[in-house]
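Residue numbers (the numbering used here): 762 to 1143. Down below is the structure, laid out as structure tokens.
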């Protein structure tokens, strides 16, 4: 069977390795095909390399105000029993795969959220296409339980849905973080020239949806009320210049750029809270593994993993209309209350155990075996 990805991100590599091992143990051969990131995507620093993957060159097409993508993978998937693709209306090969399936080609499974959760950025045409297409696949690999509920609401049979509980390789992050005690944390703070006092962390790609300007505004207000507050920014992207400019006039801000693995964990371990007023996605899993409570703002723009964040349990979720002043006040409330910090950190540890790459790979492998069995039994494809 084959999984086709538009691009390969570094956080997906451990998942595919774990999935390959589980499938191989039951005699199923996995091929992964992926394209190259665009220039803007490459600037985010999220690209990854998967050993053994087949790399193709995607082609972009503009139709009006829409950007479409052609993935030349038909030849590479011709002999597969099952092809898993991202469910996105702009991926043109998906329609060809469905047509080929109708004349005896491989079964087709969707992997995704079932809709664009960013209501402001969603294309009306694209979302209108997604609804009927959601019912046309042989199987569904849904990101979360919320995705499953949506799919069932548009007519996808529950028996054809596998909830994978989308995750990243947080086991290594959690192990590294657990090895950093108070003395080691002090040394890491000194290495970054951080003074004594509470530290807020910004972690992940820097682009408009993450609202870095809002974070900087809130950080200024926190600093006014808590003079020893400091901010550590771990990430890169199109808005890196905005953060660098702020840091030049604010010696209490440290901009470290993109870091991964142990280097990311060591930098994040200096923090007390993770500040993210913008888009919440897979970074929430890092927050759990880092025992770093996330403070964010509710809204309709988040990725499915936002479901994992529980207000007052493993993070703080503020109302949609929260201003920078309100965000700062909530942050001050957390960093000034040891009991609240301890409660939220325990919630993070519990969530990190629940949402793991191992569980995701096992869920996905179970779904693949079920989808292949449906094919063997001769499914009613609708």
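Glycine residues also receive a C-beta, built at the ideal position from the N, C-alpha and C atoms.
Item, Value
"C-beta contact flag for residue 973 and residue 953 at 8 Å", "no"
"First through last residue of the beta strand (DSSP E) which encompasses residue 1078", "1076-1079"
"Residue environment, residue 847, which counts as buried when at least 16 other CB atoms sit within 10 Å", "buried"
"Cβ pair count under 8 Å reaching 3, the segment 1029-1044 against the segment 894-914", "no"
"Helix, strand or coil at residue 1123 [DSSP, three-state]", "helix"
"Length of the line joining the Cα atoms of residue 890 and residue 850", "7 Å"
"Limits of the unbroken beta strand (DSSP E) element including residue 1052", "Per DSSP, residue 1052 belongs to no beta strand (DSSP E) and is neither H nor E."
"Secondary structure of residue 830, DSSP reduced to three states", "strand"
"Three or more C-beta pairs below 8 Å linking the segment 767-783 and the segment 805-812", "yes"
"Through-space distance from residue 836 to residue 929, alpha-carbon basis", "30 Å"
"Short Cβ contact (8 Å threshold) for residue 993 with residue 959", "no"
"Those residues which DSSP pairs with residue 923 across a bridge", "902"
"Sequence-distant residues of the same chain with beta carbon closer than 8 Å to residue 1135, five excluded per side", "868, 899, 900, 921"
"Residue ranges of each beta strand (DSSP E) within the segment 1067-1121, 3 or longer", "1076-1079"
"CA-to-CA distance, residue 910 to residue 976, given in whole angstroms", "33 Å"
"C-alpha gap between residue 1080 and residue 924, whole angstroms", "28 Å"
"Cβ contact (3+ pairs, closer than 8 Å) linking the segment 1114-1121 and the segment 1090-1100", "no"
"Opening and closing residue of the beta strand (DSSP E) in which residue 858 lies", "Note, residue 858: premise wrong, no beta strand (DSSP E); alpha helix (DSSP H) at 854-863."
"Residue 882 versus residue 1050: straight-line alpha-carbon distance, rounded", "Any answer about residue 882 is weak, because its pLDDT of 49 lies below 50 and its placement is not dependable; what the coordinates show is given next. Residue 882 and residue 1050: Cα-Cα distance of roughly 30 Å."
"Alpha-carbon spacing of residue 1075 relative to residue 1112, whole angstroms", "7 Å"
"Three-pair Cβ contact test at 8 Å for the segment 851-864 versus the segment 819-838", "yes"
"Backbone CA spacing between residue 904 and residue 763 [nearest angstrom]", "18 Å"
"Beta-bridge pairing of residue 894 - partner residues as DSSP gives them", "Answer is none; residue 894 lacks a bridge partner."
"Euclidean distance between Cα positions of residue 874 and residue 998", "25 Å"
"Helix, strand or coil at residue 1041 [DSSP, three-state]", "coil"
"Short Cβ contact (8 Å threshold) for residue 819 with residue 767", "yes"
"Which of helix, strand or coil DSSP assigns to residue 823", "strand"
"The segment 932-939 touching the segment 1019-1026, judged by at least three CB pairs closer than 8 Å", "yes"
"Beta-carbon proximity check, residue 1065 vs residue 907, cutoff 8 Å", "yes"
"Best match in 996, 981, 1027 for proximity to residue 1010 [C-alpha to C-alpha]", "981"
"Within the segment 932-984, ranges of the beta strand (DSSP E) (whole runs, at least 3 residues)", "960-964"
"Collapsed DSSP secondary structure at residue 784 in the structure displayed", "helix"
"Counted within 10 angstroms of its Cβ, other Cβ atoms place residue 939 as buried (16 or more) or exposed", "exposed"
"Buried versus exposed, by CB contacts within 10 Å (16 or more), residue 856", "exposed"
"Per-residue burial, residue 864 [other beta carbons within 10 Å of its own, 16 or more giving buried]", "exposed"
"Under 8 Å between C-beta atoms of residue 996 and residue 964", "yes"
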